[in-house]
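Novice: One structure follows; several queries about it will come next.
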Ligand SMILES: [Zn+2]
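Numbering (the numbering used here), first residue to last: 61 to 285.
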C-alpha cells in the first residue's frame, strides 16, 4: 500500500454514459496505479456532491450481487447527473485495499461460513485496508475543501474531516440490498460501523439540504463498501 507523493494528473477526456456526459481525469500515484476523477459541472462555489468509490471489479463490472458496490456506483453517477454537478473519485483499491485475489480468497472463506471481517482477518489483513489520503490529495488538486459526501461509512467522513476537507452533509446511499448481500451488509453495519436501516428521513437527503446542515450522522441507509 506504499504510496509516496501526491498523484499526478495524466490525461482527461469526456465520458459519455447513459446518465450524462461526464469529464474524466486520470491520476497516477507513484506506485503506478491509475485512479479516476469523474465529474460534471463546475465544482466551485457551493459544496458539490462527491462519491469516493473504491474499485470492486466484481461489483462494478461483473454485476456481482455479493456486495453493493456496483449499485452504489451507478446510483452515484445517476444522482450527480440529475443534480448536474458533482464528482466521483474512483480509487483503485480493490477488495477494501487487499487486492482482487485476496478478495476472492475471502469470498471462498465466506462461502464456508465466515463473515467478511473474519475472512479478511483469517487471511492476515485488517478488516478495511483502504487509504483515503489519496482521495484527499485528489480533492485538493480539484480545489475542493467542502463537499456533500455520498456514503454510509462514517470512517470516510472522519477521514476527510481530519484531512482538511469539510463534509457539510452526509448523503446516504440507499440501494443494492439483495438476498446475496444481506449478511455482508449487516456485517458491515455491525462490525465496520456502516449506517444501515432505512428510515423515513432517508428521502430528505435526496432533496437539496442546506449546505451547512451537517447531514445527519445517524441518518439511515444501506451498506457502503
Ligand atoms: Zn464490491
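We treat Cβ as the ideally placed atom computed from N, Cα and C, and that holds for glycine. These numbers were taken from a predicted model, which means no experiment stands behind them.
Assign residue 120 to one of two classes, buried (16 or more other C-beta atoms within 10 Å of its C-beta) or exposed (fewer than that).
Specialist: Counting Cβ neighbours within 10 Å, residue 120 comes out buried, since at least 16 surround it.
Novice: Between residue 198 and residue 111, is the Cβ-Cβ spacing less than 9 Å?
Specialist: Result no, Cβ atoms of residue 198 and residue 111 do not sit closer than 9 Å.
Novice: Taking residue 85 and residue 72 to be in contact with their CB atoms under 8 Å, please state how far apart those CB atoms are, rounded to whole angstroms.
Specialist: Their Cβ separation, rounded to whole angstroms, is 4 Å, which keeps residue 85 and residue 72 in contact under 8 Å.
Novice: Is residue 124 near ligand 1, going by C-beta to nearest heavy atom under 8 Å?
Specialist: Checking the Cβ of residue 124 against ligand 1 gives yes.
Novice: What is the DSSP secondary structure of residue 263, reduced to helix, strand or coil?
Specialist: Low confidence applies here, because residue 263 scores a pLDDT of 39, under 50, leaving its location unreliable and the question unanswered by this model.
Novice: Can you give me the C-alpha to C-alpha distance between residue 107 and residue 172, rounded to a whole angstrom?
Specialist: Looking at the two C-alpha atoms, the distance is approximately 44 Å.
Novice: Around the C-beta of residue 179, are 16 or more other C-beta atoms found within 10 angstroms, so that it is buried, or is it exposed?
Specialist: So residue 179 ends up on the buried side.
Novice: Kindly indicate which residue of 174, 153, 122 has the alpha-carbon position closest to the one of residue 93.
Specialist: Among 174, 153, 122, the Cα nearest to that of residue 93 belongs to 153.
Novice: Take every Cβ of the region 183 to 196, pair it with every Cβ of the region 134 to 146, and state whether three or more of those distances are shorter than 8 Å.
Specialist: The region 183 to 196 is not in contact with the region 134 to 146.
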